[in-house]
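Engineer: Protein chains in written order, with our numbering: chain V, 37 to 147; chain Y, 12 to 124.
Even for Gly, the Cβ is constructed at its ideal location relative to N, Cα and C.
Here the structure is a predicted model, which means the values were calculated and not measured.
Structure incoming, see below.
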Amino acid sequence: SQQGEEDPQALSIQEGENATMNCSYKTSINNLQWYRQNSGRGLVHLILIRSNEREKHSGRLRVTLDTSKKSSSLLITASRAADTASYFCATEPGANSKLTFGKGITLSVRP
Amino acid sequence: DAGVTQSPTHLIKTRGQHVTLRCSPISGHKSVSWYQQVLGQGPQFIFQYYEKEERGRGNFPDRFSARQFPNYSSELNVNALLLGDSALYLCASSLEQGLGKLFFGSGTQLSVL
Numbered sequence: 037s038q039q040g041e042e043d044p045q046a047l048s049i050q051e052g053e054n055a056t057m058n059c060s061y062k063t064s065i066n067n068l069q070w071y072r073q074n075s076g077r078g079l080v081h082l083i084l085i086r087s088n089e090r091e092k093h094s095g096r097l098r099v100t101l102d103t104s105k106k107s108s109s110l111l112i113t114a115s116r117a118a119d120t121a122s123y124f125c126a127t128e129p130g131a132n133s134k135l136t137f138g139k140g141i142t143l144s145v146r147p
Numbered sequence: 012d013a014g015v016t017q018s019p020t021h022l023i024k025t026r027g028q029h030v031t032l033r034c035s036p037i038s039g040h041k042s043v044s045w046y047q048q049v050l051g052q053g054p055q056f057i058f059q060y061y062e063k064e065e066r067g068r069g070n071f072p073d074r075f076s077a078r079q080f081p082n083y084s085s086e087l088n089v090n091a092l093l094l095g096d097s098a099l100y101l102c103a104s105s106l107e108q109g110l111g112k113l114f115f116g117s118g119t120q121l122s123v124l
């Protein structure tokens, strides 16, 4: 079963614009992570936010977590064509490395 | 340093056959997990192994089995293949269990005809 639900399912923006993706989940979590996948290949870890954190930054990425609403958002600033990919949120309910992924968001960045 | 390596990259099988997929984790990583990703969906957890012991199993039938070897590499076996087993099978490793961040291989694309 897939706990995470990303929103929107697809997003198309112009290069240089910001991209905001949302994720909701159902059960309590130890941490929430975002991954990127290019063309059905392996996933690349982007950022991890723990349940006791509210916001985290990494380069052009900013992730927020609201445990009361069971939701997270990923902001990619100043997007580039190379950011075109599928983005997944994944939740880890306990410290056991078992991740539950959402269905993903397809981001297209037009040059 | 080499990342997570999986073999083969592509595989075509017929219904009823069995398949073995292989994974080598990043050097020093002791935890290996397997995920199944059907087209258009997110990855689904199949197994996790840590220090050669099964530490977690997802909602998959007994036709799916796995093991981890002393060098921490791993195999995923699927018996009596069904058309619905067609998917991208991803292996991921981490240094220890419970550290959160996973390093994924490029996957094995399995097609069952």
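At 7 Å on the CB atoms, spell out the chain V contacts of Y/Q28, in chain order.
Structural biologist: The contacting residues do not exist; Y/Q28 stays about 23 Å from chain V at best.
Engineer: Check whether the Cβ atoms of Y/Q47 and Y/I57 sit closer than 8 Å, and answer yes or no.
Structural biologist: Yes, the pair counts as a contact, with Cβ atoms nearer than the cut-off.
Engineer: Whole angstroms is fine: what's the gap from V/T100's alpha carbon to Y/G14's?
Structural biologist: Cα to Cα, the separation comes out at about 29 Å.
Engineer: Report the three-state DSSP secondary structure of V/A55 (helix, strand or coil).
Structural biologist: Here V/A55 sits in strand by DSSP.
Engineer: At a CB distance below 9 Å, what residues from the region 100-118 of chain V approach chain Y? Give them in sequence order.
Structural biologist: The residues in question: there are none.
Engineer: Any beta carbon of chain V sitting closer than 8 Å to that of Y/L99?
Structural biologist: Y/L99 counts as touching chain V.
Engineer: If you measure from the beta carbon of Y/F71 to each beta carbon in chain V, is any gap under 8 Å?
Structural biologist: It does not; no Cβ of chain V falls within 8 Å.
Engineer: At the level of alpha carbons, what is the spacing between V/D102 and V/S108?
Structural biologist: Their Cα atoms are separated by approximately 6 Å.
Engineer: Using only CA atoms, which one of V/T56, V/P44, V/E51 and V/E42 lies nearest to V/S112?
Structural biologist: The sequence given here has Ile at residue 112 of chain V, not Ser. For V/I112, the nearest C-alpha among the options comes from V/T56.
Engineer: Does the beta-carbon of V/Q45 have 16 or more other beta-carbons within 10 angstroms, so that it is buried, or is it exposed?
Structural biologist: Answer is exposed; the Cβ neighbour count stays below 16.
Engineer: Check the Cβ of Y/S117 against every Cβ in chain V and list those closer than 8 Å, keeping chain order.
Structural biologist: Neighbours of Y/S117 on chain V, chain order: R77 and G78.
Engineer: With the cut-off set at 8 Å, would you say V/L82 and V/L97 are in Cβ contact?
Structural biologist: For V/L82 and V/L97, yes; Cβs fall inside 8 Å.
Engineer: Count the other C-beta atoms from every protein chain shown that fall within 10 angstroms of the C-beta of Y/P36, then say buried if there are 16 or more, exposed otherwise.
Structural biologist: It is buried - the Cβ of Y/P36 has at least 16 other Cβ atoms within 10 Å.
Engineer: Please classify Y/D73 as buried or exposed, where buried requires at least 16 other C-beta atoms within 10 Å of its C-beta.
Structural biologist: When all chains shown are included, Y/D73 counts as exposed.
Engineer: When you compare only the Cα positions, how much space is there between Y/V89 and V/G140?
Structural biologist: Each residue's alpha carbon lies about 26 Å from the other.
Engineer: Closer than 7 Å, Cβ to Cβ, to anything on chain A: give me those residues from the region 18-42 of chain Y, in chain order.
Structural biologist: Going by chain labels, chain A is absent from the structure shown, which instead holds the protein chains V and Y.
Engineer: Using a beta-carbon distance below 8 Å, is V/H93 in contact with chain Y?
Structural biologist: Output row for V/H93: interface = no.
Engineer: Using three-state DSSP, classify V/T120 as helix, strand or coil.
Structural biologist: Correct three-state label for V/T120: coil.
Engineer: For V/S37, count neighbouring Cβ atoms within 10 angstroms of its own Cβ and tell me buried if that reaches 16, exposed if not.
Structural biologist: Reliability of the predicted coordinates at V/S37 is poor, the pLDDT of 49 falling under 50, and the value obtained from them is presented with this limitation in mind. Burial call: exposed.
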